[in-house]
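2 protein chains.
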Amino acid sequence: MADAPLVAGIELGGTKCNCILARGPDSIEDEVRIPTTAPAETLAAIEQVLAGWSGFASIGIASFGPISIDRDAGDYGSITATPKPGWSRTDIVRRIERRFGVPVGFHTDVVGAALAEAKWGAAKGLADIAYVTVGTGIGVGLIAGGKPVDGLTHAELGHIRPVRIDGDDWIGNCPFHGGCVEGLCAGPAIAARTGTRAEHLPADHPAWDLVAHGLGQLLHTLVLTGIPRRIVMGGGVMVGTSHLFPRVRAAMIDSLAGYVPLPEVGLSRYVVPPALGNNAGPLGAILLGAQALERG
Amino acid sequence: MADAPLVAGIELGGTKCNCILARGPDSIEDEVRIPTTAPAETLAAIEQVLAGWSGFASIGIASFGPISIDRDAGDYGSITATPKPGWSRTDIVRRIERRFGVPVGFHTDVVGAALAEAKWGAAKGLADIAYVTVGTGIGVGLIAGGKPVDGLTHAELGHIRPVRIDGDDWIGNCPFHGGCVEGLCAGPAIAARTGTRAEHLPADHPAWDLVAHGLGQLLHTLVLTGIPRRIVMGGGVMVGTSHLFPRVRAAMIDSLAGYVPLPEVGLSRYVVPPALGNNAGPLGAILLGAQALERG
Chain X
1 MADAPLVAGI ELGGTKCNCI LARGPDSIED EVRIPTTAPA ETLAAIEQVL AGWSGFASIG
61 IASFGPISID RDAGDYGSIT ATPKPGWSRT DIVRRIERRF GVPVGFHTDV VGAALAEAKW
121 GAAKGLADIA YVTVGTGIGV GLIAGGKPVD GLTHAELGHI RPVRIDGDDW IGNCPFHGGC
181 VEGLCAGPAI AARTGTRAEH LPADHPAWDL VAHGLGQLLH TLVLTGIPRR IVMGGGVMVG
241 TSHLFPRVRA AMIDSLAGYV PLPEVGLSRY VVPPALGNNA GPLGAILLGA QALERG
Chain L
297 MADAPLVAGI ELGGTKCNCI LARGPDSIED EVRIPTTAPA ETLAAIEQVL AGWSGFASIG
357 IASFGPISID RDAGDYGSIT ATPKPGWSRT DIVRRIERRF GVPVGFHTDV VGAALAEAKW
417 GAAKGLADIA YVTVGTGIGV GLIAGGKPVD GLTHAELGHI RPVRIDGDDW IGNCPFHGGC
477 VEGLCAGPAI AARTGTRAEH LPADHPAWDL VAHGLGQLLH TLVLTGIPRR IVMGGGVMVG
537 TSHLFPRVRA AMIDSLAGYV PLPEVGLSRY VVPPALGNNA GPLGAILLGA QALERG
């Protein structure tokens with residue numbers, strides 16, 4: 001761990017930002033939490049925290065999205081079109097780079113969580129994994145060979161359209177797609193469908209079968225990308241509903257129907273809860289910073 | 297081109313194998329076609345062709361699948377479970393490596409085609425693309441940063457389950473999934489559904505709307521992986537049915553419904569036919585060989 005670089009990590013969240021100065025989970029030197037308000041105010045507060053730290057070799061930022069991760073694009077390093085008031089087209093990376101003059105890594109919060117879980121958490125030792133968060137939205141982070149899977153943009157696989165269980169014709173609540181996986185299985189969708197918040201919905205409520213089926217379709221698709229050696233599922237809907245894990249896994253296996261007959265996919269440890277809890281975000285930011293340093 | 301290494305490429309297909317000695321499309325030194333029969337006979341014939349060549353620095357193999365591309369797996373470099381008689385669990389790479397003692401690159405035919413189209417064809421200059429073949433099956437090759445997107449295995453996204461147009465309840469003909477994209481939109485599915493082979497089906501036949509819708513769902517999913525800057529669609533069903541391209545693209549745009557509002561995705565050149573024709577396979581093998589040489 002002493003060999004790992006000292007990195008300033010920023011988890012930029014919708015309601016709060018976690019700033020952390022660390023080399024890894026066992027060598028955290030400082031941690032500061034800042035509320036997410038208007039961009040100018042929030043970013044100034046983050047910069048003030050970082051200015052009080054010294055010795056970090058790089059900075060990593062794991063952000064809510066959508067963000068521009070295309071290094072050749074004019075808007076690289078910014079938040080693009082978000083419903084969050086004031087944050088659309090907010091430059092993050094170039095501002096931070098100018099201020100601190102060290103390499104800056106930048107990716108989604110879910111890719112950060114994937115990196116952290118693959119390095120220190122529930123997928124330790126695996127270089128190819130998917131991290132799925134099921135909360136107010138559904139996000140997917142993909143890493144392959146220990147690096148984010150990047151191309152035109154970041155994954156948004158929570159918005160695929162799943163086939164439905166016969167007789168389930170609820171239209172869903174995604175403003176774009178209605179019944180995409182997020183529009184059927186995220187926390188607000190469960191609340192809209194049942195009138196009850198997910199954390200208060202009893203395990204034997206029939207809506208859980210529909211949620212497990214939709215999430216099973218998402219996992220079917222993730223397996224068919226060929227990438228994940230393990231799928232880590234976190235977020236408010238998964239955490240505290242441990243009955244959901246075996247049901248989602250069974251729905252995935254049922255849907256794959258024997259296709260991709262690799263032993264890994266059949267194991268119960270193929271679909272697991274995160275191990276790092278609230279630390280996945282900030283530790284993911286540390287890894288994004290470390291990767292930026294390697295890139296130079 | 298003179299700087300590119302001389303590579304022996306093998307496109308291992310279901311009915312024939314193309315062996316090619318080349319540095320690229322403008323410097324093909326030899327090309328030999330061999331029928332695909334039993335594994336021992338076919339591989340011996342390939343080895344005989346390669347033994348007659350000299351000066352190649354590496355070998356690339358673009359193969360029909362499914363194949364094991366996991367370098368840490370015991371069965372790396374082999375064809376795994378194929379319905380093709382005699383070919384299941386056939387080692388390819390280790391046998392060729394032992395015989396010729398040069399680095400061997402190995403991937404699917406569709407990843408080979410993606411590499412070739414990105415280097416010399418319809419996606420020239422783009423490092424992040426998807427190649428989709430719609431023929432007797434539906435295969436997807438994904439490359440990011442100019443390299444295959446690898447993890448546990450190769451992509452098999454032709455087997456995702458698409459939502460259906462209201463009233464379309466044909467069960468599909470995939471032996472695993474019934475109505476997955478392959479089971480609804482591949483050549484044999486079109487023939488089973490309509491009683492007419494795809495190449496004889498008139499452009500105004502209503503089945504084409506159902507096929508375009510299913511392929512549009514596949515492209516919706518590919519966009520949401522975040523990877524492709526362009527999608528190249530080849531294979532017997534796409535080639536010769538040029539009316540299908542605008543319909544598939546429209547179905548994709550309709551399904552995405554304004555999500556991922558990147559200009560690239562809205563352009564007609566986002567979904568294009570291949571430019572290399574039958575040469576994509578052998579030239580993809582050349583690139584797999586060149587990448588194996590870089591890896592050492």
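Protein sequence lines correspond, in order, to chains X and L.
In terms of the working numbering, the first sequence opens at residue 1 and continues consecutively.
In terms of the working numbering, the second sequence opens at residue 297 and continues consecutively.
Even glycine gets a Cβ: it sits at the ideal position worked out from N, Cα and C.
Beta-carbon proximity check, residue i vs residue j, cutoff 8 Å
{"i": "P321 of chain L", "j": "W416 of chain L", "result": "yes"}
{"i": "L514 of chain L", "j": "P458 of chain L", "result": "yes"}
{"i": "T221 of chain X", "j": "I160 of chain X", "result": "yes"}
{"i": "F56 of chain X", "j": "V104 of chain X", "result": "no"}
{"i": "V406 of chain L", "j": "I355 of chain L", "result": "no"}
{"i": "T108 of chain X", "j": "H154 of chain X", "result": "yes"}
{"i": "E413 of chain L", "j": "V519 of chain L", "result": "no"}
{"i": "R71 of chain X", "j": "S78 of chain X", "result": "no"}
{"i": "I10 of chain X", "j": "C19 of chain X", "result": "yes"}
{"i": "A547 of chain L", "j": "G512 of chain L", "result": "yes"}
{"i": "V149 of chain X", "j": "V445 of chain L", "result": "yes"}
{"i": "G158 of chain X", "j": "A114 of chain X", "result": "no"}
{"i": "P301 of chain L", "j": "A586 of chain L", "result": "yes"}
{"i": "D464 of chain L", "j": "L506 of chain L", "result": "yes"}
{"i": "V567 of chain L", "j": "V544 of chain L", "result": "yes"}
{"i": "L288 of chain X", "j": "F100 of chain X", "result": "no"}
{"i": "T80 of chain X", "j": "I67 of chain X", "result": "yes"}
{"i": "T332 of chain L", "j": "T225 of chain X", "result": "no"}
For residue i, the residue or residues it bridges with in DSSP
{"i": "P298 of chain X", "result": "Any property of residue 298 of chain X remains undetermined from this structure, which presents chain X solely from 1 to 296."}
{"i": "G577 of chain L", "result": "BP columns for G577 of chain L are empty, so no partner."}
{"i": "T90 of chain X", "result": "X:I79"}
{"i": "P331 of chain L", "result": "L:K312"}
{"i": "G9 of chain X", "result": "X:I20, X:G60"}
{"i": "I286 of chain X", "result": "Its beta-bridge partners do not exist; DSSP assigns none."}
{"i": "I324 of chain L", "result": "L:A318"}
Alpha-carbon spacing of residue i relative to residue j, whole angstroms
{"i": "G135 of chain X", "j": "G510 of chain L", "result": "29 Å"}
{"i": "P379 of chain L", "j": "V533 of chain L", "result": "21 Å"}
{"i": "E31 of chain X", "j": "W53 of chain X", "result": "11 Å"}
{"i": "L448 of chain L", "j": "V428 of chain L", "result": "20 Å"}
{"i": "T15 of chain X", "j": "E41 of chain X", "result": "13 Å"}
{"i": "K147 of chain X", "j": "Y76 of chain X", "result": "18 Å"}
{"i": "V535 of chain L", "j": "A571 of chain L", "result": "11 Å"}
{"i": "D128 of chain X", "j": "A192 of chain X", "result": "35 Å"}
{"i": "S538 of chain L", "j": "V561 of chain L", "result": "19 Å"}
{"i": "D166 of chain X", "j": "A186 of chain X", "result": "20 Å"}
{"i": "R23 of chain X", "j": "G284 of chain X", "result": "11 Å"}
{"i": "E156 of chain X", "j": "R394 of chain L", "result": "43 Å"}
{"i": "D204 of chain X", "j": "P502 of chain L", "result": "43 Å"}
{"i": "R33 of chain X", "j": "C17 of chain X", "result": "6 Å"}
{"i": "W383 of chain L", "j": "E478 of chain L", "result": "22 Å"}
{"i": "F541 of chain L", "j": "I286 of chain X", "result": "44 Å"}
{"i": "A419 of chain L", "j": "E47 of chain X", "result": "41 Å"}
{"i": "I61 of chain X", "j": "L589 of chain L", "result": "35 Å"}
{"i": "P381 of chain L", "j": "A334 of chain L", "result": "8 Å"}
{"i": "L308 of chain L", "j": "R391 of chain L", "result": "15 Å"}
{"i": "S359 of chain L", "j": "G577 of chain L", "result": "9 Å"}
{"i": "G172 of chain X", "j": "A212 of chain X", "result": "15 Å"}
{"i": "G592 of chain L", "j": "G74 of chain X", "result": "36 Å"}
{"i": "R230 of chain X", "j": "P263 of chain X", "result": "12 Å"}
{"i": "G145 of chain X", "j": "N279 of chain X", "result": "22 Å"}
Closer than 8 Å at the beta carbon, the chain C residues around residue i
{"i": "A292 of chain X", "result": "The structure shown contains no chain C; the protein chains it does contain are X and L."}
Whole runs of the alpha helix (DSSP H) within the region 396-463 of chain L, excluding any shorter than 4 residues: 405-416
The region 252-284 of chain X: positions lying closer than 9 Å to chain L by Cβ: S255, L256, A257, G258, Y259, V260, P261, L262, E264, V265
Alpha helix (DSSP H) runs contained entirely in the region 167-219 of chain X, provided each spans 4 or more residues: 181-185, 187-194
Short-range partners of chain L found in the region 199-229 of chain X, where Cβ spacing is below 9 Å: When C-beta distances to chain L are compared with 9 Å, the residues of the region 199-229 of chain X below that value are Q217, H220, T221, V223, L224, T225, G226, I227, P228, R229, in chain order.
Near-chain L residues of the region 151-175 of chain X - C-beta to any C-beta below 7 Å: G151, L152, T153, H154, A155, E156, L157, H159, I160, R161, V163
Short-range partners of chain X found in the region 535-549 of chain L, where Cβ spacing is below 8 Å: Residues: none.
Members of the region 42-56 of chain X that neighbour chain L once the beta carbon cut-off is set at 9 Å: none
Where the region 421-438 of chain L meets chain X: residues whose CB sits under 7 Å from a CB there: D424
Within the region 506-572 of chain L, ranges of the beta strand (DSSP E) (whole runs, at least 3 residues): 526-530
Near-chain L residues of the region 94-120 of chain X - C-beta to any C-beta below 9 Å: Answer in chain order: no residues at all.
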